[in-house]
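Note sheet for the following structure.
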């Protein structure tokens, strides 16, 4: 359903200001205070705010969508540079998703609670298995908490689709970087939180296929 066209541009402008805040917040967590360029985060936040305004009806749900967009954007910005997903952002995102689910029609909170538990458990189990097999960390628990947030906002049913979209985005990015730099991606560390954040956002706006 299209939102009111009159709010798209104002919210896109608000997104630019919110992007500046996300850039500042990301600097609190990123390694050695390195950050993505300010213009990148401002543009991305502005686009996501306008994107939400174009698809979500004006009201409390649009407000919740903007909070989700901002938090996912801040998490992606931190993970892209520092390879971490701070608890101070992921844990409130889980709680926020469960609170929003209480107001969604035909969305029993039990399904969202199950999604949060399943999202965390699946990636945490994979992280444990990888550590046992290879002796090194391959999947961070921050990714598990972010997938738990996906379950809290979306419920448990869309989680496989979220993971598949995120994996496709991550592979496409790795291939692009490998081709651009003419290097092998083998052994490279991937900031999976960034494509996972985009996958959550896509499924939130459009629903599962």
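In the working numbering, the protein residues as written are 96 to 304.
All C-beta atoms, glycine included, are put in the ideal place defined by N, C-alpha and C.
Checklist entry - For residue 304, which residues of its own chain have a beta-carbon under 7 Å away from its beta-carbon, when the five flanking residues on both sides are left out? => result By one-based count along the chain shown, residue 304 stands at place 209. Within the same chain, residue 304 has close Cβ partners 256.
Next on the checklist: According to DSSP, is residue 149 part of a helix, a strand, or is it coil?
Outcome noted: Counted from its first residue, the chain shown places residue 149 at position 54. Correct three-state label for residue 149: helix.
Item to check | Minimum C-alpha distance to residue 137 - residue among 154, 164, 152 | outcome: Here residue 137 is taken as the residue at index 42 of the chain shown, counted from 1. Closest by alpha carbon: 164.
Checklist entry - Can you tell me whether residue 114 is buried or exposed, with buried defined as 16 or more other CB within 10 angstroms of its CB? => result Reading the chain shown from its first residue, position 19 is the one you call residue 114. In summary, residue 114 is buried, with 16 or more beta-carbon neighbours lying within 10 Å of its beta-carbon over all protein chains present.
Checklist entry - For residue 101, does the count of other Cβ atoms within 10 angstroms reach 16, so buried, or fall short, so exposed? => result As a position in the chain shown, residue 101 is number 6, starting the count at 1. Its Cβ having fewer than 16 others within 10 Å, residue 101 is exposed.
Checklist entry - Under the three-state reduction of DSSP, which class applies to residue 287: helix, strand or coil? => result On the chain shown, residue 287 is found 192 positions in, with the first residue counted as 1. Residue 287: coil per DSSP, three-state reduction.
Checklist entry - residue 108 to residue 148, Cα distance in whole Å? => result If you number the chain shown from 1, residue 108 lands on position 13. If you number the chain shown from 1, residue 148 lands on position 53. So the two alpha carbons sit approximately 12 Å from each other.
Checklist entry - For the region 203–214 against the region 245–265, are there 3 or more C-beta pairs whose distance is under 8 Å? => result yes
Next on the checklist: For residue 117 and residue 172, which I take to be in contact (beta-carbon distance under 8 Å), what is that distance rounded to the nearest angstrom?
Outcome noted: Your numbering for residue 117 matches position 22 in the chain shown. Your numbering for residue 172 matches position 77 in the chain shown. Cβ atoms of residue 117 and residue 172 come within 8 Å of each other, at about 6 Å.
Checklist entry - What number of angstroms, rounded off, separates the C-alpha of residue 301 from the C-alpha of residue 276? => result In the chain shown, the residue the question calls residue 301 occupies position 206. In the chain shown, the residue the question calls residue 276 occupies position 181. Computed Cα separation, rounded: 34 Å.
Item to check | Spatial neighbours of residue 264 in its chain, beta-carbon cut-off 7 Å, leaving aside the 5 residues before and after | outcome: Within the chain shown, numbered from 1, the residue matching residue 264 stands at position 169. Hits under 7 Å: 290, 293, 294.
Checklist entry - Are the beta-carbon atoms of residue 143 and residue 296 separated by less than 8 Å? => result Taking the first residue of the chain shown as 1, we reach residue 143 at position 48. Taking the first residue of the chain shown as 1, we reach residue 296 at position 201. Their beta carbons are under 8 Å apart, which means residue 143 touches residue 296 by this criterion.
Next on the checklist: Quick check on the DSSP output: the alpha helix (DSSP H) that includes residue 255 runs from which residue to which?
Outcome noted: To locate residue 255, count along the chain shown from 1; it is residue 160. 254–276 is the span of the alpha helix (DSSP H), which, as asked, contains residue 255.
Item to check | Neighbourhood of residue 197 by C-beta distance below 8 Å, restricted to the same chain and skipping five residues each side | outcome: By 1-based counting over the chain shown, the position of residue 197 is 102. Answer for residue 197: 204, listed in chain order.
Checklist entry - For the candidate residues 146, 122, 132, whose alpha-carbon lies nearest to that of residue 103? => result Looking up residue 103 in the chain shown gives position 8. Taking each of 146, 122, 132 in turn and checking the Cα distance to residue 103, the smallest one comes out for 146.
Checklist entry - Would residue 96 be called buried (16 or more neighbouring beta carbons within 10 Å of its own) or exposed? => result Counted from its first residue, the chain shown places residue 96 at position 1. A caution first: residue 96 carries a pLDDT of 40, below 50, which makes its placement in the model too unreliable to give a value.
Checklist entry - Which residues in the same chain as residue 140 place their Cβ atom closer than 8 Å to its Cβ, once the five residues preceding and following it in sequence are excluded? => result Residue mapping note: residue 140 aligns to position 45 of the chain shown, counting from 1. 110, 111, 113, 114, 117, 164, 165, 168, listed in sequence order.
Item to check | Distance CB(residue 192)-CB(residue 239) smaller than 8 Å | outcome: Residue mapping note: residue 192 aligns to position 97 of the chain shown, counting from 1. Residue mapping note: residue 239 aligns to position 144 of the chain shown, counting from 1. No, Cβ-Cβ distance for residue 192 and residue 239 is not below 8 Å.
Item to check | CA-to-CA distance, residue 180 to residue 82, given in whole angstroms | outcome: Any property of residue 82 remains undetermined from this structure, which presents the chain solely from 96 to 304.
Checklist entry - Below 8 Å between beta carbons: does that hold for residue 170 and residue 241? => result Numbered from 1 along the chain shown, position 75 holds the residue referred to as residue 170. Numbered from 1 along the chain shown, position 146 holds the residue referred to as residue 241. Against a cut-off of 8 Å, the Cβ pair of residue 241 and residue 170 comes out as a contact.
Checklist entry - Under 8 Å between the Cβ atoms of residue 270 and residue 287? => result As a working note, residue 270 is residue 175 in the chain shown. As a working note, residue 287 is residue 192 in the chain shown. Remark: C-beta atoms of residue 270 and residue 287 do not approach each other more closely than 8 Å.
Checklist entry - If you run the structure through DSSP and keep just helix, strand and coil, what is residue 202? => result Within the chain shown, residue 202 is the residue found at index 107, counting from 1. Three-state result, residue 202: coil.
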